[in-house]
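What follows is a set of notes on a single structure, which appears directly below.
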Amino acid sequence: GENVEQHPSTLSVQEGDSAVIKCTYSDSASNYFPWYKQELGKRPQLIIDIRSNVGEKKDQRIAVTLNKTAKHFSLHITETQPEDSAVYFCAAPLPNDYKLSFGAGTTVTVRA
Amino acid sequence: SQTIHQWPATLVQPVGSPLSLECTVEGTSNPNLYWYRQAAGRGLQLLFYSVGIGQISSEVPQNLSASRPQDRQFILSSKKLLLSDSGFYLCAWSGSFTEPQHFGDGTRLSIL
Numbered sequence: 049g050e051n052v053e054q055h056p057s058t059l060s061v062q063e064g065d066s067a068v069i070k071c072t073y074s075d076s077a078s079n080y081f082p083w084y085k086q087e088l089g090k091r092p093q094l095i096i097d098i099r100s101n102v103g104e105k106k107d108q109r110i111a112v113t114l115n116k117t118a119k120h121f122s123l124h125i126t127e128t129q130p131e132d133s134a135v136y137f138c139a140a141p142l143p144n145d146y147k148l149s150f151g152a153g154t155t156v157t158v159r160a
Numbered sequence: 175s176q177t178i179h180q181w182p183a184t185l186v187q188p189v190g191s192p193l194s195l196e197c198t199v200e201g202t203s204n205p206n207l208y209w210y211r212q213a214a215g216r217g218l219q220l221l222f223y224s225v226g227i228g229q230i231s232s233e234v235p236q237n238l239s240a241s242r243p244q245d246r247q248f249i250l251s252s253k254k255l256l257l258s259d260s261g262f263y264l265c266a267w268s269g270s271f272t273e274p275q276h277f278g279d280g281t282r283l284s285i286l
């Protein structure tokens with residue numbers, strides 16, 4: 049998306065290791081940052097989101113961190129499992145608009 | 175709870191034929207509605223969004239159109255399909271632009 053850059057585009061990790069995906073955004077007024085997981089042939093599903101009034105949010109093995117000063121937010125997956133293999137998308141809303149700007153996606157492969 | 179229905183799941187159409195994809199949402203009122211297209215192995219391209227009945231915003235100039243005849247119904251149409259219209263079409267809804275977007279199961283469209 050034009051407002052959000054996502055890195056890396058592909059990520060291969062050994063089962064049990066951690067995976068980190070980083071996104072940067074351009075508009076400092078952005079205040080909501082969701083992460084989606086899309087398995088092959090399926091719809092994107094929200095896995096976690098964070099608002100600008102907090103710096104970190106955790107849900108079991110998944111966490112998201114937000115650095116408003118640097119304008120970046122990251123997804124952390126710990127103790128990766130084969131079922132974590134999927135494409136992950138970050139997003140940020142365009143202020144005063146009804147749209148989300150999506151990152152280009154990261155293909156995560158967890159090697160057994 | 176809210177649910178989103180999208181059909182058909184798959185569609186094979188000849189070049190030059192018309193198209194109509196339908197999306198309906200249940201369990202919410204006045205949702206924001208979105209149509210995305212995803213080419214194989216690529217990211218999410220926003221095609222149209224709507225914040226109310228009869229209100230359509232177009233993101234990409236093309237031979238597609240969208241309509242919202244009822245509050246919770248969103249239709250994607252084309253009068254004449256092109257080969258380049260092939261892809262995975264996803265409908266989504268949200269309560270506001272700072273709330274998650276929830277995706278339908280998608281329609282896989284193949285143009286022959």
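The listed protein sequences correspond, in order, to chains A and B. Quick note on the numbering used here: the first sequence kicks off at 49 and runs consecutively. Quick note on the numbering used here: the second sequence kicks off at 175 and runs consecutively. Built from N, CA and C at the ideal position, the CB exists for glycine as well.
What residues from chain B crowd round residue i, counting only those whose CB sits closer than 7 Å?
i: A:Tyr73; result: Those do not exist, as A:Tyr73 stays about 14 Å from chain B at its closest Cβ, beyond 7 Å.
i: A:Pro141; result: Phe271 and Thr272
i: A:Asp167; result: Because chain A here runs from 49 to 160, residue 167 of chain A falls outside it and cannot be looked at.
Spell out the partners DSSP gives residue i in its beta bridges.
i: B:Thr202; result: Partner(s): none; B:Thr202 has no beta bridge.
i: B:Ala240; result: B:Leu250
i: B:Leu264; result: B:Tyr210
i: B:Gly226; result: B:Gln229
i: A:Asp107; result: A:Ile110
i: A:Lys85; result: A:Gln93 and A:Tyr136
i: B:Phe277; result: B:Ala266
i: A:Phe121; result: A:Cys71 and A:Leu114
i: A:Gln62; result: A:Arg159
i: A:Ser100; result: According to DSSP, A:Ser100 bridges with nothing at all.
Give the interface partners of residue i over in chain A, defined as CB-CB distance under 8 Å, in chain order.
i: B:Gly217; result: Gly49, Phe137, Phe150, Gly151, Ala152 and Gly153
i: B:Asn206; result: Tyr146
i: B:Val225; result: Tyr146
i: B:Asp279; result: Lys90 and Arg91
In or out: residue i buried (at least 16 other Cβ within 10 Å) or exposed?
i: A:Thr58; result: exposed
i: B:Ser258; result: exposed
i: A:Gln62; result: exposed
i: B:Leu256; result: exposed
i: A:Asp107; result: exposed
i: A:Ser149; result: buried
i: B:Arg246; result: buried
i: A:Ala164; result: Because chain A spans 49 through 160 in this model, residue 164 of chain A falls outside it and cannot be assessed.
i: A:Arg99; result: exposed
i: A:Gln129; result: exposed
i: A:Gly64; result: exposed
i: A:Pro56; result: exposed
i: B:Leu286; result: exposed
i: A:Asp145; result: exposed
i: B:Ile227; result: exposed
i: A:Gln54; result: buried
i: A:Val135; result: buried
i: A:Ala3; result: Here chain A covers residues 49 to 160 and nothing more, so residue 3 of chain A does not appear.
i: A:Val102; result: exposed
i: A:Lys85; result: buried
i: B:Ala214; result: exposed
i: B:Val189; result: exposed
i: B:Thr281; result: buried
i: A:Gly153; result: buried
i: B:Arg242; result: buried
i: B:Gly201; result: exposed
Residues of chain B with a CB under 9 Å from the CB of residue i: which are they?
i: A:Lys106; result: The contacting residues do not exist; A:Lys106 stays about 17 Å from chain B at best.
In chain A, which residues lie less than 9 Å from residue i when you measure between Cβ atoms?
i: B:Gln275; result: Pro82, Tyr84, Pro92, Leu94, Ala139 and Leu148
i: B:Leu264; result: Arg91 and Pro92
i: B:Leu220; result: Gly49, Lys147, Leu148, Ser149 and Phe150
Residues within the region 80-99 of chain A neighbouring chain B, beta-carbon criterion of under 9 Å
Tyr80, Pro82, Tyr84, Gln86, Gly89, Lys90, Arg91, Pro92, Gln93, Leu94, Asp97 and Arg99
The region 80-98 of chain A in contact with the region 263-276 of chain B per 3-pair CB rule at 8 Å
yes
Any contact between the region 109-125 of chain A and the region 196-212 of chain B? By contact I mean 3 or more CB pairs, one from each, below 8 Å.
no
May I ask you to verify whether the region 176-186 of chain B touches the region 68-80 of chain A, counting CB pairs closer than 8 Å and requiring at least 3?
no
Between the region 137-146 of chain A and the region 78-87 of chain A, do three or more beta carbon pairs fall short of 8 Å?
yes
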